[in-house]
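*Asks:* Below is one structure. I have some questions about it.
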Amino acid sequence: MKTVESDEEDFVFYGTPIQREEDVTSRKKKSVAEAAGQLRAVVPWKQEVRDEEGRRRFHGAFTGGYSAGYFNTVGSKEGWVPQTFTSSRKKRAEVKQQDISNFLDDDEKEEMKNRSLETSMQFDTFGSTAAEIARRQAEKEQENRPSAIPGLVPDEIILPVSSSIGVKLLQKMGWRHGRSIKDSRPNSLYDARREARKALLAYSSGDADAKLSQDQFDSDKVESEGVTEPSSDNDVFTSHSTPVFVLNPKQDMYGLGFDPFKHAPEFREQKRLRVYGNQEPGNKRGSSMKEHFLAKSGKVAPGFGIGALEELDDEDEDVYGSGYNFQATHVQEIEEPSVLMLEDKKKPGKTEQGVLAGFKSASTSDYQSERYSPPVIPDGFKPYHKFLAPLEIGNKHSGPPPPEVPPPEENNLRVLIEGFSTLVARCGRLFEDLSKEKNKQNHMFAFLDGGKGHDYYARKLWEEQQKRHDETKQPVDIKSNVEKMTAEGRGRILGERPSERSSQDSSSSVVADAVQLQFNLSDTFMKPGSISELPEAAKPFNVDPEKQKRFERFLKEKYHGGLRTTESGGSSKMSEADRAREKLDFEAAAEAIQKAGPSKSADTFSSQQFWASLNTQFTSAGVEDAKISQAEEEMRQKLYPRREEYQWRPSSLLCKRFEITDPYIGKPPPLPRAKSRIDSLIFTSDVMKPTKSEEAAIATTGSLSASQSKEPLITEQLNVEETAVDLKPAYVERPVDLYKGIFSDDSDDEGEGSTINQVEDIEKKTEVANTTLNRLIAGDFLESLGKELGLEVPQEPAVTTVNKVSNLASQRGTNSISGIDVKLAAVDEKPSTPQITFSKPIRDQEAAKSKSVRPEVIQGGSSEGNELKQITPGDFEKSKILSTRDRSGKSPEGEKSKRGSRHHRNYSSSSASSDEDEMSRRKRSRRHRSMSDSDSGDREYRKRSRKSEKRSSSHRKSSSSSSKKHKSSRRGSGRDEYSEDRKRSRKI
Amino acid sequence: MSTKDLPLKETAVLKGHEGAVLAARFNSDGNYCLSCGKDRTIRLWNPHRGIPIKTYKAHGREVRDVHVTSDNSKLSSCGGDRQVYYWDVSTGRVIRKFRGHDSEVNAVKFNEYSTVVVSAGYDQSVRAWDCRSHSTEPIQVIDTFTDSVMSICLTKTEIIAGSVDGSVRTFDIRVGREISDNLGQPVNCISLSNDGNCVLASCLDSTLRLLDRTSGELLQEYKGHTCKSFKMDCCLTNTDAHVVGGSEDGLIYFWDLVDASVTSSSRAHSSVVTSVSYHPKDNCMITASVDSTIRVWKT
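The structure is reproduced here in structure tokens:
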């Protein structure tokens, strides 16, 4: 220890140092002193056990550690002694069950007791503490009491109950359980009876026998005392103020918490109905149940089931099911035997209808619903309404018909007149008079008073009346209608619009007319002829007239509002799910109609095609496919199959596993394909790309995509016609589209929005200027070379106008080595002569343009920014710049210091070294650029605006393609590069 | 090949499946066949002798497709439990389960070297799984489809898949290109011609369509059968002279490849014919049906 102390500054110690023997002596003295004195006062668990020497005794792992010992643990001087085995055979009485309390200290026991927060007795309103204390008391008693059954088992189950102070108080005041507080009748007999009733309520659906007897008892009571105690019925109700709830008494044989109806709430409803409304005959119930079952959950695959842990969802339906019908009734009986038994028992004794189980209908009833017999229908009553004012149909139509009058030009007026005449024909002249009165000021109704459109009105009215008359003439056979209320009939009454045919011949239409009037009115006054004007294309469900009808009604409700029929959508024959599905169908269709609306003319066929696809997608297996007309068929065949190509990047591992070299090896990760519309919006300005996910989109752009499908075919032949200009490819969002890059022509990019790129315009301009400058320099240089060598350099006459350039060029010209230059010039000259052989019109055009532009450029040096762009050869210079920028730093020429401008750097870059480079490249007819070159070039180009690319796009594309092709060295690249080379040389 | 060379004579009925048989496939040399079905088993048969050999059980739900490697050592299968199983044929043990599909898996195929399993699922994706490494992650996920992918075919360099969105998509690994041929009708099943130049697509408008793979042209349409709601296989005969397809009414149709006329149609099963598979060399064919049988047909 001493050494340790001396070295304390230098060392860091971890852990507890082992105490040496000599140190203990002082402690021993201390402990002796303390043992006599105040140490005793320390609470037991803080005392330390020490031996005679004053050491802290360590008992070891099995003897309790430090804290075991006489004072603070086991109650003996020896410490804790494990219990020795005693045979229970001989010393049965001495068998003592050990439990944890045997090994706990007092304080620990105390702690265990104080686990929960409890109210003190004073404030123990709800009796929880009292209950707790009572329980403890019982425990204590239990301990004292010898028990035949060892352990606490029975007492743990049966807990003593203690009521709260409030309850006690109330009870002292005469209150009893289950009685309302205000009720203070101290009648013990009454209490007992109510207790009985309460029990009855609680177990009303429990044991059948018990219930029956209770029932009997109770009803007897009621009968005997009903008269003498008229208030007793009242009390039954007030006594529920402290209800004893027995929620969902267990009646079935399922496991606790198992809900057989978890995913089928219909069954629950069904069950409830069966339990309470068991007056239905059994077989009928069963069949309806079965129906329900089949409609909801489909058929379960026969032969084998699914595991118990698997949910039965719709993929488990047996789609192949061959009509094996599930015995739903059988299953039902298995499910709940107790209830059914109960029912069976009850049935014979049950004569009264509408009585809850366990109840008997009272002999005297307070409430008696008064019933009146229905009024007697007089003979010859015709069940349709007549206005009091005579319709005058009979004599009206006998008169001569008003002459045919062309409808007024004003559409509104025409519609109004037509609607109004219909109304008047239905309601009679009175209505006309009324509205005449009402709308005197309204000039729209001038036709009533012989104003504008009166003749037409008269004619129309006559027609309508004629029509009405014909209808009313038809025999009205209401009886049959009443007898058999079909779904259609009900629908008609509810204002469904019957299809034309049915309204003509069915008798009940007259009844429905009054309701239909409302619809007609809304038709005529809200939106003229909305349904009739529905284009043929917008009748998607022509195949199924019923469905079409429903769809039209759906449309009407959706867009016109008005009265809604209760069962909108779907006939009553349909199940809930079917109806929902149909509604979804309708929604989609309606949406499509809306979308198709604006561009009606463009997509008559495409929308039809959409319907066709819709039909095939949504019709169930049984429904026959749409009869596609011949024209449609042709149209479809023209449309399909449609080929589109995209870039797709296989993962490198996939390539490896397929033993194919990765086509994208070493390439940066591809741009994610634009998925959302927003993405595509960024890249495509005016042309919608055909999103495959949306049929609607296809519908609108159908014609467009049709032409697109031809594109790949066209591209092979390189003479692109002018017509192809407006057929823009849809894949603009993939900027590195290979094929497009190769094959599509310059005009592709015309009309592309340059909005996003305008920001970069300035930068671009300077770049463009640089490249042209470069080129000019090179031209200069060549020219001077040519002069030296006595060759004719084509078409660079006014080099001198750009003075600084020419200066430098000449400067450099002297520096250059002539040996290589000869070759260069020779090579360059060659392609310049066969220019005429270019057969492609566009290329020629461009060539002409560039020719015509060139002099301007050189003359008007100030307008560089705009004009130079046009003849910018584009990429290769650019990439050259980029690549040579680095080199310019290393270039031996010190000119850089003179001019810090970019111009300078650029042409210095195209100084000797780069020129050499270029020359050597030109020697080869096919130029192979290095990876870094083309890449950087590409990247640069992506940044540039499309505007400037308009002219140079062909260059760009061929360059990008060549860069891409560089690795794979596929066909096509050669030709392109060749043409590019030619062009380049032409320009120079 | 004339009509009498068509395998129209039933030589064996393979019974054992409980419930619908969803697929039946010859192995690469045509000596054995595999079937799978709604009873969650895969069964290996000798169709020529008509005897069952082995049953593979591990799937938790119905098995929709099965494929065996060319060396007959490994199986892959898929189904309603959203996993692709990779089996050892001889021991019948599952070597690996590939999880990742978000929904039922409709079709599965090995590539030529049996190094990759490619699966197509209801989750609108095609996934490629590596059999070599121990990774259970897909090495490639293709999710450009807009509806359930029903069927898949592999060549040496391409993955071809047909989807309910009406497209047959070819993913060329060598070039890195996706070619989508939109047929306008939900595609149920695709099958390659033996020369590899054409692809036969079974559409849900009861039409089989033959496409030229290089140009995407529609070469021929085969009609007459019923195919409106079930996934049903179609294939070409080993000589590419006829097109074979089942029908929902239990008939088997043979069409002439060129003029699309129905060469033969005969009743094969009592219910929907889910799968047809043609022997790679002989005039032999197996058909599977919802009626839980597999029938072997020879000339």
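As you go down the protein sequences, you meet chains A and B in turn.
End of the first sequence = 1069 in this note's numbering, gap-free, step of one.
End of the second sequence = 320 in this note's numbering, gap-free, step of one.
Beta carbons are placed, not taken as given, at the ideal position from N, Cα and C, and that holds for glycine.
May I ask you to report which of helix, strand or coil DSSP gives residue 182(A)?
*Replies:* helix
*Asks:* Of all Cβ atoms in chain A, is any one closer than 8 Å to the Cβ of residue 31(B)?
*Replies:* Closer than 8 Å: no.
*Asks:* Please compile the residues from chain A whose C-beta is within a distance smaller than 7 Å of the C-beta of residue 149(B).
*Replies:* 735
*Asks:* Does residue 632(A) get closer than 8 Å to chain B when you measure Cβ to Cβ?
*Replies:* no
*Asks:* Apart from the five residues just before and just after residue 30(B), which ones in its own chain have a Cβ nearer than 7 Å to its Cβ?
*Replies:* 318, 319, 320
*Asks:* Identify every residue that forms a DSSP beta bridge with residue 739(A).
*Replies:* In DSSP, residue 739(A) forms no bridge with anything.
*Asks:* Counting only Cβ pairs nearer than 8 Å, list the residues of chain A close to residue 327(B).
*Replies:* The structure shown has nothing for residue 327(B), since chain B only spans 22 to 320.
*Asks:* In this structure, what does DSSP give as the bridge partners for residue 152(B)?
*Replies:* Per DSSP, none; premise fails for residue 152(B).
*Asks:* Check whether the segment 218 to 227 of chain B and the segment 256 to 271 of chain B touch, using three or more Cβ-Cβ pairs below 8 Å as the test.
*Replies:* Contact holds: three or more Cβ-Cβ distances are below 8 Å.
*Asks:* Would you mind stating whether residue 722(A) and residue 65(B) have Cβ atoms separated by less than 8 Å?
*Replies:* no
*Asks:* Would you please verify whether the beta carbon of residue 199(B) is less than 8 Å from any beta carbon of chain A?
*Replies:* yes
*Asks:* DSSP state of residue 142(B), grouped into three classes?
*Replies:* strand
*Asks:* Which term fits residue 126(A), buried or exposed, when burial requires 16 or more other beta carbons within 10 angstroms of its beta carbon?
*Replies:* When all chains shown are included, residue 126(A) counts as exposed.
*Asks:* Just confirm the distance between the C-beta atoms of residue 124(B) and residue 99(B), as a whole number of angstroms; I'd bet it's less than 8 Å.
*Replies:* Not quite, the Cβ-Cβ distance comes to about 11 Å (not below 8 Å), so this is no contact.
*Asks:* Using a C-beta cutoff of 8 Å, does residue 663(A) count as contacting chain B?
*Replies:* Contacts with chain B at 8 Å (Cβ-Cβ) do not include residue 663(A).
*Asks:* Do residue 234(B) and residue 204(B) count as a contact pair if the criterion is CB distance below 8 Å?
*Replies:* no
*Asks:* For the segment 228 to 242 of chain B, which residues have a CB atom closer than 7 Å to at least one CB atom of chain A, in sequence order?
*Replies:* 232, 237, 239
*Asks:* In this structure, does DSSP put residue 727(A) in helix, strand or coil?
*Replies:* strand
*Asks:* With DSSP collapsed to three states, give me the class of residue 318(B).
*Replies:* strand
*Asks:* Which residues in chain A sit within 7 Å of residue 178(B), going by Cβ to Cβ distance?
*Replies:* 739, 741
*Asks:* Could you check where the alpha helix (DSSP H) with residue 508(A) kicks off and where it finishes?
*Replies:* It spans 492 to 508 - the alpha helix (DSSP H) in which residue 508(A) sits, taken as one unbroken run.
*Asks:* At 8 Å on the CB atoms, spell out the chain A contacts of residue 160(B), in chain order.
*Replies:* 732, 734, 735, 738
*Asks:* Hey, would you say residue 43(B) sits closer than 8 Å to residue 73(B), going by beta carbons?
*Replies:* In this structure, residue 73(B) does not lie closer than 8 Å to residue 43(B) by Cβ.
*Asks:* Which one of 41(B), 114(B), 26(B), 49(B) has the shortest CA to CA distance from residue 301(B)?
*Replies:* 49(B)
*Asks:* What are the residues that DSSP puts in a beta bridge with residue 180(B)?
*Replies:* 175(B), 192(B)
*Asks:* Using 10 angstroms around the beta-carbon of residue 130(B), count the other beta-carbons present and answer buried if the total reaches 16, otherwise exposed.
*Replies:* buried
*Asks:* May I ask you to list the residues that DSSP assigns as paired with residue 309(B)?
*Replies:* 296(B), 315(B)
*Asks:* Starting from the beta carbon of residue 724(A), find every residue of chain B whose beta carbon is closer than 9 Å, and list them in chain order.
*Replies:* 200, 201, 202, 203, 236, 237, 238
*Asks:* Using the C-alpha atoms, what's the distance from residue 487(A) back to residue 796(A)?
*Replies:* Annotation note: pLDDT 40 at residue 796(A) (below 50); position unreliable, coordinate value reported separately. Across the structure, residue 796(A) and residue 487(A) are spaced so that their CA atoms are roughly 57 Å apart.
*Asks:* Counting contacts by CB-CB distance shorter than 8 Å, is residue 136(B) in contact with chain A?
*Replies:* yes
*Asks:* Please say whether residue 194(B) and residue 731(A) have beta carbons closer to each other than 8 Å?
*Replies:* yes
*Asks:* Once you ignore the five residues that flank residue 109(B) on each side, which residues in its own chain have a CB closer than 6 Å to its CB?
*Replies:* 116
*Asks:* At the 8 Å Cβ level, is residue 194(B) part of the contact set with chain A, yes or no?
*Replies:* yes
*Asks:* Roughly how many angstroms lie between the CA atoms of residue 184(B) and residue 163(B), to the nearest whole one?
*Replies:* Distance between the alpha carbons of residue 184(B) and residue 163(B): 12 Å.
*Asks:* For my contact list, residue 279(B) and residue 295(B) are in at a C-beta cut-off of 8 Å; report their separation, rounded to the angstrom.
*Replies:* Wrong, their Cβ atoms sit about 27 Å apart, outside the cutoff.
*Asks:* Leaving out the 5 sequence neighbours to the left and right, which residues in its chain are closer than 6 Å to residue 76(B) when beta-carbon positions are compared?
*Replies:* Around residue 76(B): 62, 64.
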